[in-house]
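If you're matching positions, the sequence shown starts at 95 in this note's numbering and goes up one per residue. We put the beta carbon where it would ideally sit given N, CA and C, even for glycine. Quick notes on the structure that follows.
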Amino acid sequence: MTSCEETEEEPRFCEEAPGYRAKMAAPIDLHLEFGGGAELLFGGVKDHHVKLPSQSEPWNVKQLLAWIKTNLLRERPELFIQGDTVRPGILVLINDADWELMGELDYMLEDQDNVVFISTLHGG
Numbered sequence: 095m096t097s098c099e100e101t102e103e104e105p106r107f108c109e110e111a112p113g114y115r116a117k118m119a120a121p122i123d124l125h126l127e128f129g130g131g132a133e134l135l136f137g138g139v140k141d142h143h144v145k146l147p148s149q150s151e152p153w154n155v156k157q158l159l160a161w162i163k164t165n166l167l168r169e170r171p172e173l174f175i176q177g178d179t180v181r182p183g184i185l186v187l188i189n190d191a192d193w194e195l196m197g198e199l200d201y202m203l204e205d206q207d208n209v210v211f212i213s214t215l216h217g218g
């Protein structure tokens with residue numbers, strides 16, 4: 095069976111069909127803010143206005159964290175990232191709501207979202 099055939103279990107989908115175009119998620123603009131000392135890992139810059147490029151799937155927070163690690167994080171990534179999430183002690187707010195209420199890593203980002211990262215760990 096080719097990918098152009100339709101079955102009862104699978105709806106018709108054909109990448110080889112003439113005029114087929116893969117659907118891409120549009121680029122999105124975000125405001126990222128780092129505070130509570132986390133900004134020191136980002137060259138001392140608290141506010142970042144970023145444009146995430148288009149990709150085949152909509153952006154989620156897990157992908158955003160990987161993008162931040164590659165594109166913004168200047169030093170000591172182990173103080174911000176642990177595995178594929180933020181390190182314990184980093185509070186994350188999405189549009190002023192705790193990210194735990196938004197689905198954490200799975201939250202699908204939307205254009206103009208405001209994402210805040212606040213370090214709650216302070217040396218003394």
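With contacts defined by Cβ atoms closer than 7 Å, L203 and W153 form a contacting pair.
A direct Cα-to-Cα measurement between L159 and L124 gives close to 13 Å. In chain order, A119 place their CB closer than 7 Å to the CB of E151, counting only its own chain and leaving out the 5 sequence neighbours on each side.
When only Cα atoms are considered, P171 and L134 end up about 11 Å apart. By the neighbour-count criterion, in which a residue is buried when 16 or more other Cβ atoms sit within 10 angstroms of its Cβ, L126 is buried. Secondary structure of A119 (DSSP, three-state): strand. Bounds of any alpha helix (DSSP H) do not take in V210; it lies within the beta strand (DSSP E) bounded by 208 to 213. When C-beta atoms of the segment 178 to 188 are compared with those of the segment 135 to 147, fewer than three pairs fall below 8 Å, so the two segments do not count as touching. Assigned with DSSP and collapsed to three states, K140 falls in coil, not helix or strand.
CA-to-CA, the gap between Q149 and D207 works out to about 17 Å.
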